[in-house]
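Inspection log for the structure reproduced underneath, given as structure tokens.
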Amino acid sequence: MVEKIKIIVNEDKCYLCGGCAGVCPSLAIKVSSSKWEFFQDKCISCKICINACPVGALDFEPLEG
Amino acid sequence: MTEIMKYDVVVVGAGIAGPIVARNVAREGYSVLLVDKKPAIGAPKQCAEGINISIFERYDIPYDKRFINREIYGARIYSPSGYELEIKYKKVSGVILERKVFDKMLAFYAARSGADVLSRTEVEDVIRENGKIVGVKAKHEGEPVEIYGDIIVAADGVESTIARKAGINTYAPPHEFDSAYEYEMLIDGFDPDLIHLWFGNDVAPRGYVWVFPKDEDRANVGIGINSDNPKTAKYYLDKWLKENNIPSKKLLEINVGVVPVGGFLKELAKENVVVVGDAARQVNPMHGGGMAEAMKAGTIASKWIVKALEEENLELLKNYTTEWWEKDGKRLERVLKIRKAVEKLNDEDLDVFIEVLSGTDAEKIAEGNYTEVIKVLLKHPKVLMSARRISLLKELL
Numbered sequence: 074m075v076e077k078i079k080i081i082v083n084e085d086k087c088y089l090c091g092g093c094a095g096v097c098p099s100l101a102i103k104v105s106s107s108k109w110e111f112f113q114d115k116c117i118s119c120k121i122c123i124n125a126c127p128v129g130a131l132d133f134e135p136l137e138g
Numbered sequence: 383m384t385e386i387m388k389y390d391v392v393v394v395g396a397g398i399a400g401p402i403v404a405r406n407v408a409r410e411g412y413s414v415l416l417v418d419k420k421p422a423i424g425a426p427k428q429c430a431e432g433i434n435i436s437i438f439e440r441y442d443i444p445y446d447k448r449f450i451n452r453e454i455y456g457a458r459i460y461s462p463s464g465y466e467l468e469i470k471y472k473k474v475s476g477v478i479l480e481r482k483v484f485d486k487m488l489a490f491y492a493a494r495s496g497a498d499v500l501s502r503t504e505v506e507d508v509i510r511e512n513g514k515i516v517g518v519k520a521k522h523e524g525e526p527v528e529i530y531g532d533i534i535v536a537a538d539g540v541e542s543t544i545a546r547k548a549g550i551n552t553y554a555p556p557h558e559f560d561s562a563y564e565y566e567m568l569i570d571g572f573d574p575d576l577i578h579l580w581f582g583n584d585v586a587p588r589g590y591v592w593v594f595p596k597d598e599d600r601a602n603v604g605i606g607i608n609s610d611n612p613k614t615a616k617y618y619l620d621k622w623l624k625e626n627n628i629p630s631k632k633l634l635e636i637n638v639g640v641v642p643v644g645g646f647l648k649e650l651a652k653e654n655v656v657v658v659g660d661a662a663r664q665v666n667p668m669h670g671g672g673m674a675e676a677m678k679a680g681t682i683a684s685k686w687i688v689k690a691l692e693e694e695n696l697e698l699l700k701n702y703t704t705e706w707w708e709k710d711g712k713r714l715e716r717v718l719k720i721r722k723a724v725e726k727l728n729d730e731d732l733d734v735f736i737e738v739l740s741g742t743d744a745e746k747i748a749e750g751n752y753t754e755v756i757k758v759l760l761k762h763p764k765v766l767m768s769a770r771r772i773s774l775l776k777e778l779l
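Sequence lines, in order, name chains A and B.
Each residue of the first sequence is one higher than the last, beginning at 74 in the working numbering.
Each residue of the second sequence is one higher than the last, beginning at 383 in the working numbering.
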């Protein structure tokens, strides 16, 4: 079973380029001109966004339970 | 209080495809609104800014020195072990744009043709009535607006929020994206009349490092790698700069983004929503260039948008999907196949091919005759000795 995770952003590193939102297969990330948002209920824990970020601004933490 | 607007066509995103559509449709007398979330259209850029010279005439764009940063006469390609292949033309073959000016000017041409243009207008959702999309919800300078349109154009980049909210499948596997990172920086020692490209699996996995000159000593220095790589694009570019003893303390800009390099949308129009540009994954999978493809797609899309409005028949929008796939989709699928074959080359293969081609056959590449080039490679002893190389090259034919 896939480990459930929460995606977290390092806001100091993030350029709000929207790439993570672009590769996310489930619309779990929204990037506007001023903020990065994560929607836990949509995340499928695939971690595609983490690898795709050109600067390594994304990471994850496991969810309990 | 929410402001209400109404247009024939609402174009979301003022990159390349959006303004081309807005301009072309507005020229035919229809009311068009072009919106972009950025306060300054074109900034920040997510691009290496190089484009073929032919686009100006083909897409009716003025050859305006305000956004042409530098004229380019060809390319120099570097293999992992340092073999070089130079392709130089007698005439200007391409230009390095200043995207911040170029994008804004494309929006200006749209405005001059009759379109309304609203920067700092962020579209957040679609508006549905009786299950059908009738417009978009947005914020203009923080204030809510509802923009109704007969046709909605999703030119909203790789995120493709509008297309997805319209139920268009924009999914592409992670391997079909490039992760890109770029410095605009001071750099010496490269012929500023050429673009420079470095290949190698340790240099840029699946992609390449580029130096696109903007001055004698200023350039866009960037990298694209497969986005499913566990290391970041920034890691590889910084490593390359360090290994090549290139000082990286004169950085004028840092640009970041993800580029779709495959996974073209099967369905480019659904009911009254049309998808163009990066949102439709309309990018050349080989080199990651999307501007010319966006212009092509935008031109086809605008033709069918105008016909659909003229005949009051939204079904005609489906012809955009058909025509794009017939004209460009097939070609890009073929390029994608070539990219997948090239991905299998190891560093030794790249060395051999570039070494062989650096001799007498550069002219054939300059002419764009790739089939002839591959035939030449297939005759070379260093290729003939390897069944694997023969097989890889035959995949490219």
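Heads up, the beta-carbon is just placed ideally off N, CA and C, and yes, glycines get one too.
Exposed unless 16 or more other CB atoms sit within 10 angstroms - verdict on residue i
{"i": "residue 507 of chain B", "result": "exposed"}
{"i": "residue 767 of chain B", "result": "exposed"}
{"i": "residue 387 of chain B", "result": "buried"}
{"i": "residue 94 of chain A", "result": "buried"}
{"i": "residue 549 of chain B", "result": "exposed"}
{"i": "residue 818 of chain B", "result": "The first residue shown for chain B is 383 and the last is 779, placing residue 818 of chain B beyond what the model contains."}
{"i": "residue 463 of chain B", "result": "exposed"}
{"i": "residue 75 of chain A", "result": "exposed"}
{"i": "residue 668 of chain B", "result": "exposed"}
{"i": "residue 117 of chain A", "result": "exposed"}
{"i": "residue 753 of chain B", "result": "exposed"}
{"i": "residue 523 of chain B", "result": "exposed"}
{"i": "residue 609 of chain B", "result": "buried"}
{"i": "residue 473 of chain B", "result": "exposed"}
{"i": "residue 694 of chain B", "result": "exposed"}
Test: residue i CB closer than 9 Å to a CB of chain A
{"i": "residue 610 of chain B", "result": "yes"}
{"i": "residue 440 of chain B", "result": "no"}
{"i": "residue 550 of chain B", "result": "no"}
{"i": "residue 428 of chain B", "result": "yes"}
{"i": "residue 546 of chain B", "result": "yes"}
{"i": "residue 648 of chain B", "result": "no"}
{"i": "residue 687 of chain B", "result": "no"}
{"i": "residue 791 of chain B", "result": "Given that chain B is displayed from residue 383 to residue 779, the structure contains no residue 791 of chain B and the question cannot be resolved."}
{"i": "residue 504 of chain B", "result": "yes"}
{"i": "residue 636 of chain B", "result": "yes"}
{"i": "residue 672 of chain B", "result": "no"}
{"i": "residue 537 of chain B", "result": "no"}
{"i": "residue 617 of chain B", "result": "yes"}
{"i": "residue 642 of chain B", "result": "yes"}
Contact with chain B by residue i, beta-carbon distance below 9 Å
{"i": "residue 80 of chain A", "result": "no"}
{"i": "residue 115 of chain A", "result": "no"}
{"i": "residue 135 of chain A", "result": "no"}
{"i": "residue 103 of chain A", "result": "yes"}
{"i": "residue 118 of chain A", "result": "no"}
{"i": "residue 83 of chain A", "result": "no"}
{"i": "residue 128 of chain A", "result": "yes"}
{"i": "residue 75 of chain A", "result": "no"}
Whole-angstrom C-beta distance between residue j and residue i, which should lie under 8 Å
{"i": "residue 535 of chain B", "j": "residue 658 of chain B", "result": "6 Å"}
{"i": "residue 111 of chain A", "j": "residue 125 of chain A", "result": "With a Cβ gap of about 15 Å, residue 111 of chain A and residue 125 of chain A do not count as contacting."}
{"i": "residue 615 of chain B", "j": "residue 607 of chain B", "result": "5 Å"}
{"i": "residue 529 of chain B", "j": "residue 415 of chain B", "result": "6 Å"}
Alpha-carbon spacing of residue i relative to residue j, whole angstroms
{"i": "residue 446 of chain B", "j": "residue 773 of chain B", "result": "46 Å"}
{"i": "residue 644 of chain B", "j": "residue 383 of chain B", "result": "43 Å"}
{"i": "residue 636 of chain B", "j": "residue 566 of chain B", "result": "6 Å"}
{"i": "residue 457 of chain B", "j": "residue 420 of chain B", "result": "33 Å"}
{"i": "residue 475 of chain B", "j": "residue 453 of chain B", "result": "8 Å"}
{"i": "residue 404 of chain B", "j": "residue 490 of chain B", "result": "10 Å"}
{"i": "residue 442 of chain B", "j": "residue 487 of chain B", "result": "13 Å"}
{"i": "residue 410 of chain B", "j": "residue 676 of chain B", "result": "20 Å"}
{"i": "residue 705 of chain B", "j": "residue 656 of chain B", "result": "13 Å"}
{"i": "residue 440 of chain B", "j": "residue 603 of chain B", "result": "28 Å"}
{"i": "residue 400 of chain B", "j": "residue 570 of chain B", "result": "36 Å"}
{"i": "residue 711 of chain B", "j": "residue 448 of chain B", "result": "33 Å"}
{"i": "residue 786 of chain B", "j": "residue 582 of chain B", "result": "There is simply no residue 786 of chain B to check, as chain B begins at 383 and stops at 779 in what is shown."}
{"i": "residue 538 of chain B", "j": "residue 769 of chain B", "result": "45 Å"}
{"i": "residue 670 of chain B", "j": "residue 641 of chain B", "result": "7 Å"}
Own chain partners of residue i with C-beta closer than 6 Å, once the 5 adjacent residues on each side are dropped
{"i": "residue 662 of chain B", "result": "647, 650"}
{"i": "residue 611 of chain B", "result": "587"}
{"i": "residue 853 of chain B", "result": "This structure cannot settle anything about residue 853 of chain B, because the visible part of chain B is limited to 383 through 779."}
{"i": "residue 596 of chain B", "result": "451, 452, 478"}
{"i": "residue 779 of chain B", "result": "756"}
{"i": "residue 149 of chain A", "result": "The structure shown does not extend to residue 149 of chain A, since chain A is modelled only from 74 to 138, so the question has no answer here."}
{"i": "residue 132 of chain A", "result": "81"}
Close Cβ partners of residue i (< 8 Å) along its chain, the five nearest in sequence each way excluded
{"i": "residue 139 of chain A", "result": "Given that chain A is displayed from residue 74 to residue 138, the structure contains no residue 139 of chain A and the question cannot be resolved."}
{"i": "residue 385 of chain B", "result": "522, 525, 526, 527, 528"}
{"i": "residue 698 of chain B", "result": "686, 689, 690"}
{"i": "residue 551 of chain B", "result": "647, 648, 649"}
Cβ shell of residue i (< 7 Å), same chain only, five flanking positions each side left out
{"i": "residue 425 of chain B", "result": "482"}
Short-range partners of chain C found in the segment 553-585 of chain B, where Cβ spacing is below 7 Å
Here chain C cannot be found, since the structure's protein chains are A and B.
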